[in-house]
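Encoded as structure tokens, the structure appears first; notes follow it.
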Amino acid sequence: MNSARRRFLKYLAASPLLKSFDLLAQEQRLPDPMVWAPRSLDKLIESPREALSVFDFEPVMQKNVPPAHFGYMASGIDDEVTLRANREGFQKFQLLPRRLVDVSQLDLSMELFGRTYGSPVVLAPTGSNKAFHEDGDLAVSRAARRSNNLQILSTVATASIEQAIEARGRPVWFQLYPTNKWAVAEALAKRAEKAGAETIVVTVDVLARQNWEAYVRLWRTDKRNCAECHGLGLASFVKRKPNFDGLDLSGIDSTGATNLTWTFIKRLRDTVKTKLVLKGLMTAADATLAVDNGLDAIIVSNHGGRDDDFGRSTIDALPEIIEAVDGRIPVLVDSGFRRGTDIVKALALGARAVCIGRPYLWGLGAFGQAGVERVLDLLQQETRAAMQQVGARALKQLGPALVKRAS
Ligand SMILES: Cc1cc2nc3c(=O)[nH]c(=O)nc-3n(C[C@H](O)[C@H](O)[C@H](O)COP(=O)(O)O)c2cc1C
2 MNSARRRFLK YLAASPLLKS FDLLAQEQRL PDPMVWAPRS LDKLIESPRE ALSVFDFEPV
62 MQKNVPPAHF GYMASGIDDE VTLRANREGF QKFQLLPRRL VDVSQLDLSM ELFGRTYGSP
122 VVLAPTGSNK AFHEDGDLAV SRAARRSNNL QILSTVATAS IEQAIEARGR PVWFQLYPTN
182 KWAVAEALAK RAEKAGAETI VVTVDVLARQ NWEAYVRLWR TDKRNCAECH GLGLASFVKR
242 KPNFDGLDLS GIDSTGATNL TWTFIKRLRD TVKTKLVLKG LMTAADATLA VDNGLDAIIV
302 SNHGGRDDDF GRSTIDALPE IIEAVDGRIP VLVDSGFRRG TDIVKALALG ARAVCIGRPY
362 LWGLGAFGQA GVERVLDLLQ QETRAAMQQV GARALKQLGP ALVKRAS
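The working numbering applies: residue 2 is where the sequence shown begins, and numbers increase by one.
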């Protein structure tokens, strides 16, 4: 080895950069964001207040919950290309700040279907929240109540729609997994309507068997016997989900439905008077069909990279969908939103609101309701900061002039 090369290797070995890589290697996967400040499992935050960003909660949750439960939350599909694309997609867009705009008073309030919320940050539907904290979905509802956020309750939540509305103190939206049996979909939708849910969100992107490889790998590291706590299989799963109470579930083979078409949507339209929203659209063509079929809003979503590994982020899909919808119905978006700037980019591109999934689950698994509250606070603070920096006093001032696709 020549001496210059030896000197270089010696320099590298002593470099703080390499030490950072050492630290990263000790973790199960690279942290997001790629920060060079020390982050390792023995230096976790001890209270929600210590969190500098939503990312601080995930390793605390990882410590608190069984590996199988953590894997269920964290997993994407196959190589997790879509999961990563959702984060990387934000780098393709840049905000264009305007100066000398008075941003001393900011208004983050968001209006949707005649109701006003404290911010554009919406709590996306996530199933099985008691896997992360004993207070489950109700801790989420109470956190949403505190800062007046819209919450969408999952069909497979561990609280009923009635309980969630009571804990939230205002109507929450109900997300519908229709199953393969119309009578079950109908009963779920009617129950939600009766309970006071003013909007039903039909999730249309769960079709194939989800190859949650990371989930299975983490599950295999779990020493517990899952069946001892909660049984296994669909029947046992559904039994623990109160929205299904009292329903005849004979003949259902999954909570999703592979036979879903626009005919189902029309049938549902004739069954309930609530607003109807589709969640899981990724193309302009489907967004146009949604408008033509009388949907009240859509959520651009790839299920947080949990349903396909096609590699397209939602922020990438958003502009063409906004263009196709052309202001006729509100467009919401989710998947990969972790920072205020992510949120402001989507709003400037034309989204009405942004839903988050995993970040609030990290907060829930780490500290229960207080964790969810802090996650919401952080995202809202960052959104305020990004709005001030870009020169927008209110959400309505965020528009296409403030954002461009990086060349
Ligand atoms: C653990 C977990 C459970 C989920 N359960 C549901 C569900 O029951 N219904 C649904 O429509 N989407 C579900 N989703 C998808 C979320 O609603 C949302 O689309 C996604 O989490 C957004 O991406 P993000 O996690 O990167 O923020 C779930 C997501 C996670 C992480």
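Note that the Cβ used here is the ideal one computed from N, Cα and C, for glycine as well.
Buried or exposed (CB count within 10 angstroms, at least 16 for buried), residue i
i           : result
residue 267 : exposed
residue 180 : buried
residue 263 : exposed
residue 304 : buried
residue 397 : exposed
residue 466 : There is no way to answer for residue 466, as the model of the chain reaches only from 2 to 408.
residue 175 : buried
residue 403 : buried
residue 230 : exposed
residue 314 : buried
residue 222 : exposed
residue 274 : exposed
residue 26  : Residue confidence is low: residue 26 scores 42 on pLDDT, short of 50, so the model does not pin down where it sits. No coordinate-derived value is stated.
residue 35  : Because residue 35 carries a pLDDT of 47, less than 50, the predicted location of this residue cannot be relied on, and the following value inherits that uncertainty. The residue in question, residue 35, is exposed, as its Cβ has fewer than 16 Cβ neighbours within 10 Å.
residue 28  : Confidence is the limiting factor: at residue 28 the pLDDT is only 46, short of 50, which leaves the residue's position unreliable, though a coordinate-based value still follows. Exposed is the call here.
residue 87  : buried
residue 23  : Note that residue 23 scores a pLDDT of 43, beneath 50, so its modelled location is shaky; the value from the coordinates is reported in the next line. Burial call: exposed.
residue 259 : exposed
residue 286 : exposed
residue 294 : exposed
residue 204 : buried
residue 90  : buried
residue 92  : exposed
residue 172 : buried
residue 117 : exposed
residue 375 : buried
residue 192 : buried
residue 102 : exposed
residue 154 : buried
Continuous beta strand (DSSP E) stretch holding residue i: start and end
i           : result
residue 281 : 276-282
residue 118 : 116-118
residue 354 : 354-357
residue 122 : 122-124
residue 333 : 332-335
residue 94  : 94-96
residue 51  : From DSSP, residue 51 is part of no beta strand (DSSP E); its letter is neither H nor E.
residue 47  : That residue, residue 47, is in no beta strand (DSSP E); it is neither H nor E in DSSP.
residue 113 : 111-113
Extent of the continuous alpha helix (DSSP H) to which residue i belongs
i           : result
residue 71  : 68-75
residue 164 : 162-169
residue 390 : 370-391
residue 240 : 235-240
residue 404 : Per DSSP, residue 404 belongs to no alpha helix (DSSP H); it is in the beta strand (DSSP E), 404-406.
residue 350 : 341-350
residue 84  : 82-89
residue 58  : 58-65
residue 214 : 214-222
residue 139 : 137-147
residue 229 : 227-231
Whole-angstrom C-beta distance between residue j and residue i, which should lie under 8 Å
i           : j           : result
residue 300 : residue 288 : Contact flag wrong, Cβ pair sits at about 11 Å.
residue 349 : residue 399 : 4 Å
residue 306 : residue 167 : Residue 306 to residue 167, Cβ: 33 Å. No contact.
residue 83  : residue 338 : Contact flag wrong, Cβ pair sits at about 15 Å.
residue 71  : residue 365 : Their Cβ separation, rounded to whole angstroms, is 12 Å, which puts residue 71 and residue 365 out of contact at 8 Å.
residue 385 : residue 189 : 37 Å between Cβ atoms; not a contact.
residue 357 : residue 380 : 7 Å
residue 62  : residue 367 : 5 Å
residue 296 : residue 269 : Incorrect: roughly 10 Å between the Cβ atoms, too far for contact.
residue 162 : residue 196 : 4 Å
residue 158 : residue 152 : The pair is not a contact, with the Cβ atoms about 10 Å apart (cut-off 8 Å).
residue 76  : residue 119 : In fact, because the Cβ distance is near 31 Å, the residues do not count as touching under 8 Å.
residue 328 : residue 98  : Not confirmed; about 25 Å, so no contact.
residue 250 : residue 185 : 7 Å
Proximity test, residue i beta-carbon vs ligand 3 heavy atom, cut-off 7 Å
i           : result
residue 311 : Inclusion of ligand 3 in the displayed structure is not the case, the ligand content consisting of ligand 1 alone.
* Identify every run of the alpha helix (DSSP H) within the segment 264-322, keeping only runs that are complete inside it and at least 4 residues long; order them along the chain. => 285-293
* Going along the chain, which unbroken runs of the alpha helix (DSSP H) with 4 or more residues stay wholly within the segment 178-208? -> 183-196
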